[in-house]
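Residue numbers (the UniProt record's numbering): 1 to 136. Built from N, CA and C at the ideal position, the CB exists for glycine as well. As the structure is a computational prediction, the values presented were derived from the model and not from experiment. Accompanying notes for the structure given below.
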C-alpha cells in the first residue's frame with residue numbers, strides 16, 4: 001500500500017477498515033493524508049492517520065516540529081517528544097505520534113489520535129513507512 005511516494009509496510013492488527021485519503025494545504029505546506037477509521041456506537045473513530053507533508057518551510061527536523069506544534073495547536077514546551085531516527089532521517093516520537101524529515105521539504109507523520117495501539121505499535125508502524133522504490 002502506498003501514499004504519495006511512500007510504502008506503508010505495517011498496520012496494527014485491528015486497524016479500522018474504513019479508509020479515506022485527503023489532500024489539502026495549510027500555511028504553504030501540502031498534506032496527503034490517509035485515515036483508517038472504525039465504527040463505534042453509531043459513529044466513527046480514527047485509529048490511524050499517516051500524512052506526507054511537502055513544503056519549503058520543512059527544512060529541518062526542528063522546523064518540522066515547530067510547524068506541527070502550530071498546526072496541531074500544541075504547546076512546544078509541553079510537548080513530550082523524544083528523538084526518533086528511522087533510518088537516516090531525523091525526527092521525534094511521542095505518546096501517540098511520530099514524525100520525521102525524510103529530506104528537506106518532505107516529511108512523514110504517523111498518528112494514533114486515540115492512542116488505541118500503544119508505543120510499540122506506533123514505532124512499528126512508523127518504521128514500516130519507507131520511500132517507494134522500483135517494484136513497489
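Return the chain-ordered list of same chain residues with a C-beta closer than 8 Å to the C-beta of residue i, the five sequence neighbours on each side being excluded.
{"i": "residue 69", "result": "75, 76, 79"}
{"i": "residue 121", "result": "12, 112"}
{"i": "residue 144", "result": "Only positions 1 to 136 of the chain appear in this structure, which leaves residue 144 out of reach."}
Between which two residues does the beta strand (DSSP E) carrying residue i extend?
{"i": "residue 103", "result": "97-103"}
{"i": "residue 37", "result": "29-40"}
Starting from residue i, trace the alpha helix (DSSP H) in both directions and tell me its first and last residue.
{"i": "residue 66", "result": "61-71"}
Hey, out of the options, whose CA is closest to residue i's CA?
{"i": "residue 33", "options": "116, 81, 54", "result": "54"}
{"i": "residue 46", "options": "95, 18, 103", "result": "18"}
{"i": "residue 16", "options": "36, 1, 29, 28", "result": "36"}
{"i": "residue 10", "options": "128, 90, 27", "result": "128"}
Excluding five sequence neighbours on each side, which residues of the same chain lie with their C-beta closer than 7 Å to the C-beta of residue i?
{"i": "residue 63", "result": "57"}
{"i": "residue 26", "result": "71"}
Can you list, in chain order, the residues of its chain whose CB lies under 6 Å from that of residue i, leaving out five sequence neighbours each side?
{"i": "residue 133", "result": "none"}
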